[in-house]
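Note that this note's numbering has the sequence shown beginning at 214, numbered continuously upward. C-beta atoms are modelled at their ideal positions from N, C-alpha and C, and glycine is treated no differently. Beneath this line is the structure, given in structure tokens, with notes to follow.
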Amino acid sequence: MSKRLHRLRSTRARRDLFSEVHLTPGSLCLPIFVHDLDEETPVASLPGVVRHPISALPALSKSIVAAGIRSVLVFGIPSQKSADGAADPDGPGPRGIAEVKQAVGDDLVVIADTCLCSYREDGHCGVLEADGSIDLAASLEALSAAAVTQARAGADLVGPSDMMDGHVAAIRSALDSDGRDMTGIISYAAKYASSFYGPFRDAADSTPSHGDRRGYQIHPGTSTQAIASIRRDLEEGADAVIVKPALPYLDVIARTQQSIEAPVWAYQVSGEYAMIRSGAVDERAALVESLTAIRRAGADVTITYGALDMARWLNDR
Ligand code: PBG
């Protein structure tokens, strides 16, 4: 009986040596929720995650940099909903971006989530007609205005997560017209219609008031449409793409990595993270295992609410 495979696993050092992927703080991106209230508020369905006041951001950004993380994804959460709130330079998103940049400058790549859902009364990612169908022209105009506001606030990259057709081309041209040709676009190109966004919608108060997002997000039964959507966004000028959620879609991450020549990121979304933090499994081990698997599937960077904990564990090893 050969013990060949056991020989690769019998000690911690051997296991580590023969592992094909290694997690590093630099391959993690931390999402941060910024609101316009003065206090930090917890997100009930997302253990350990809070909505930050602007005043908390300098210290937070410095600790993120100190842990070796290179990027954050900023979500602005306004307390008042309004149709054009996403483009308001005084909203919590743009102000948060400017605050992070002021504190740590180019030591952190600041990505702005570009979407309308946390701003609009109806909680949808685009502008809807009275019959519930998408008004594409109005949606693209609102998203482009939001992206320009975020770029002006200092975002290195904007991350359109709306899934509207033609969004990357529209945003690229709006950024260029504003003289922002060095602001990049990382598109949530392969975004599935997923139940795993539940806790996020709590955090961002963005549950659709009517209907759902299945008309514009990808059906779980197809990976071909994800690839088509990724190719379209790259042709329109995206610099990098995101597959989301991560763990139920490892095949899509792998197929994307094999299909394109651009950075492929994965988003371990709120529901995935909440399961890890549910108390049913060992949190640390489950986070390490899931992030390792996502990286093995082919993600260059993983966006995770556990980024800071994970980076600190990696640094303490
Ligand atoms: C907004 C957006 C969503 C997420 C990121 N950007 C939610 C959605 O489409 O409902 C989900 C992130 C998460 O669940 O952690 N369009």
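Is any heavy atom in ligand 2 found nearer than 7 Å to the beta carbon of T254? Looking at this structure, you won't find ligand 2 anywhere; what it does contain is ligand 1.
What would DSSP say about S400, mapped onto helix, strand or coil?
Working through the sequence shown from its first residue, we reach residue 400 at position 187. Reduced to three states, the DSSP call for S400 is strand.
Start-to-end residues for the alpha helix (DSSP H) that takes in R385: If you number the sequence shown from 1, residue 385 lands on position 172. Per DSSP, R385 belongs to the alpha helix (DSSP H) from H380 to S390.
Under the criterion of a Cβ to heavy atom distance below 7 Å, does V313 qualify as lining ligand 1?
-> Along the sequence shown, one-based indexing puts residue 313 at 100. For ligand 1, not one heavy atom lies less than 7 Å from the Cβ of V313.
For R385, count the other beta carbons within 10 Å of its own beta carbon; 16 or more makes it buried, fewer makes it exposed. Which is it?
As a first step, residue 385 is located in the sequence shown; it is residue number 172 there, counting from the start. Result: buried.
So does the region 238-245 actually touch the region 281-294, counting three or more Cβ pairs closer than 8 Å?
yes
Starting from H219, trace the alpha helix (DSSP H) both ways and give me its first and last residue. Position 6 of the sequence shown, counted from the start, is the residue given in the question as residue 219. Where H219 is concerned, the enclosing alpha helix (DSSP H) stretches over R217 to R220.
Item to complete: Report the rounded CA-to-CA distance for V454 versus R444, giving the unit in angstroms.
Response: The residue labelled residue 454 in the question sits at position 241 within the sequence shown. The residue labelled residue 444 in the question sits at position 231 within the sequence shown. Taking the straight line joining both Cα atoms gives about 10 Å.
Check: Expressed to the nearest angstrom, what Euclidean distance is found between the alpha-carbon atoms of F246 and A343?
Finding: What you label residue 246 is simply residue 33 of the sequence shown in a count that begins at 1. What you label residue 343 is simply residue 130 of the sequence shown in a count that begins at 1. Going from the Cα of F246 to the Cα of A343 covers about 31 Å.
Check your understanding: Between the region 476-485 and the region 424-435, do three or more beta carbon pairs fall short of 8 Å?
Key -> no
In terms of alpha-carbon separation, which member of S274, S419, G336 and A368 lies closest to P307?
Taking the sequence shown and counting its residues from 1, one reaches residue 307 at position 94. Out of S274, S419, G336 and A368, A368 has the C-alpha closest to the C-alpha of P307.
What residue from D326, M214, G261 and Y405 has the CA that sits closest to A439's CA? Numbered from its first residue, the sequence shown carries residue 439 at position 226. Taking only the C-alpha atoms, the option nearest A439 is Y405.
Checklist entry - For E252, does the count of other Cβ atoms within 10 angstroms reach 16, so buried, or fall short, so exposed? => result By 1-based counting over the sequence shown, the position of residue 252 is 39. Exposed, since its Cβ has fewer than 16 Cβ neighbours within 10 Å.
Inter-residue Cα distance where the pair is L259 and A416: Here residue 259 is taken as the residue at index 46 of the sequence shown, counted from 1. Here residue 416 is taken as the residue at index 203 of the sequence shown, counted from 1. Answer to the nearest angstrom: the Cα atoms are 8 Å apart.
At a threshold of 7 Å, does V454 count as lining ligand 1 (C-beta to nearest heavy atom)? As a working mapping, residue 454 is identified with position 241 in the sequence shown. Not so, every heavy atom of ligand 1 lies at least 7 Å from the Cβ.
> Where does I282 fall in DSSP's three states?
Replying inline: Within the sequence shown, residue 282 is the residue found at index 69, counting from 1. Residue state, collapsed to three classes: coil.
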